[in-house]
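First the structure, in the form of structure tokens, and then the observations on it.
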Amino acid sequence: MSSAVSSSLLFHKTFPHPSSKEWVVFVHGAGGSSSIWFKQIKAYKEHFNVLLVDLRGHGKSNNLLADIINKRYTFEAVTKDIVAVLDHLKISSAHFVGMSLGTIIVRNMAEIASHRVRSMVLGGAVTRFDARSQFLVKLGDLSKNFIPYMWLYSLFAWIIMPQKGQVESRHMFIREARKLCQKEFKRWFRLAAEVNPLMRYFKERELDIPTLYLMGDKDYMFIKPVKEMVSVHEHSKLIEIEDCGHVCNVEKPQQFNRESIAFIQSVS
Numbered sequence: 253m254s255s256a257v258s259s260s261l262l263f264h265k266t267f268p269h270p271s272s273k274e275w276v277v278f279v280h281g282a283g284g285s286s287s288i289w290f291k292q293i294k295a296y297k298e299h300f301n302v303l304l305v306d307l308r309g310h311g312k313s314n315n316l317l318a319d320i321i322n323k324r325y326t327f328e329a330v331t332k333d334i335v336a337v338l339d340h341l342k343i344s345s346a347h348f349v350g351m352s353l354g355t356i357i358v359r360n361m362a363e364i365a366s367h368r369v370r371s372m373v374l375g376g377a378v379t380r381f382d383a384r385s386q387f388l389v390k391l392g393d394l395s396k397n398f399i400p401y402m403w404l405y406s407l408f409a410w411i412i413m414p415q416k417g418q419v420e421s422r423h424m425f426i427r428e429a430r431k432l433c434q435k436e437f438k439r440w441f442r443l444a445a446e447v448n449p450l451m452r453y454f455k456e457r458e459l460d461i462p463t464l465y466l467m468g469d470k471d472y473m474f475i476k477p478v479k480e481m482v483s484v485h486e487h488s489k490l491i492e493i494e495d496c497g498h499v500c501n502v503e504k505p506q507q508f509n510r511e512s513i514a515f516i517q518s519v520s
């Protein structure tokens, strides 16, 4: 295992496999860090080389160069941060596993550097904000300058993950979000405005990259648009995880690992 952080690269950690040539890159969502994958690492490193990254401003990437941090964030810029890590490690292509907002970054990676993406596993995928989530984002946008961001984040965590079985996921996300500063939270929050136009484009333009959507059947905010997406896409499939909410890699890790590893092996 090796980990590295420099002033211009995202913090990243690798778990090299003694014989496998396949790399799997894990991409967390907004407000999280690579620590959300703690229930995946052991299972995955038995089969693949594993790369974890902390997105800009998150986890141990919170001390990136000031000029990077001070620019307005876009999905393209955040995606190119990951490309820079792949270049640095000389990884020409990999399988990508994303969670929540991280799924948009993975799909954007496939858009801007499709030759580097061998397959995509999209957990708790965000493919569209419905009227309710758009209202929440709007409310957050209007109040982000005078309501403490942790109140907002906790509220969102409760709305997205309301069930009893989601307590661990909720607490983990709130704990990770506490590590973000207010300024950083606002930068990521503004990205939410880009989600719908970007995802409309992605829905219309399917790539021929094998894609597995892993969704909790109780992920009531995001599962319906994923079903719509999969119904019109040829290279995508959806597996619903029973009695499970949004953060399915934490709530049902064994099934998440079993289904996703089998999928990656089937397309390797």
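Per this note's numbering, the very first residue in the sequence shown carries number 253; after that it's consecutive.
Note that CB positions come from ideal geometry on N, CA and C, so glycine has one too.
On a predicted model such as this, the values are computed, not experimentally measured, just so you know.
When DSSP states are grouped into helix, strand and coil, G375 belongs to the strand group. The residues W275, in chain order, have a CB closer than 6 Å to that of I343 in the same chain once the five nearest residues on each side in sequence are set aside.
The alpha-carbon separation between M372 and L394 amounts to approximately 34 Å. Between L304 and K265 a beta carbon distance of about 5 Å is seen, short of the 8 Å cut, so the two are scored as contacting. With respect to the 8 Å criterion, W289 and F278 are classified as neighbours on the basis of their beta carbons. Pairwise C-beta distances place the stretch 513 to 520 out of contact with the stretch 495 to 504, as fewer than three of them are shorter than 8 Å.
Secondary structure note for L303: its beta strand (DSSP E) is the uninterrupted segment N301 to V305. For K297, the CB contacts under 6 Å within the same chain, skipping 5 residues up- and downstream, are F267 in chain order.
In this structure, G281 is the residue among G281, Q386 and F327 with its C-alpha nearest to the C-alpha of E428.
Around the Cβ of M351, a 10 Å sphere holds 16 or more other Cβ atoms; the residue is buried. For K297, the enclosing alpha helix (DSSP H) stretches over residues I293 to K297.
Under the three-state reduction of DSSP, L464 is assigned to strand. Beta-bridge analysis with DSSP links M424 to no other residue. DSSP lists V369 as the bridge partner or partners of A346. The distance from the Cβ of I356 to that of L262 is about 17 Å, inconsistent with a contact at the 8 Å cut-off. Burial state of S483 is exposed, judged by a 10 Å Cβ sphere holding fewer than 16 other Cβ atoms. Annotation: the continuous beta strand (DSSP E) that includes I491 extends over S488 to I493. The beta carbons of S488 and Y472 sit no closer together than 8 Å.
Under DSSP, H269 forms no beta bridge with any residue.
Contact between F381 and V447 is confirmed by a C-beta separation of about 6 Å, below the 8 Å threshold.
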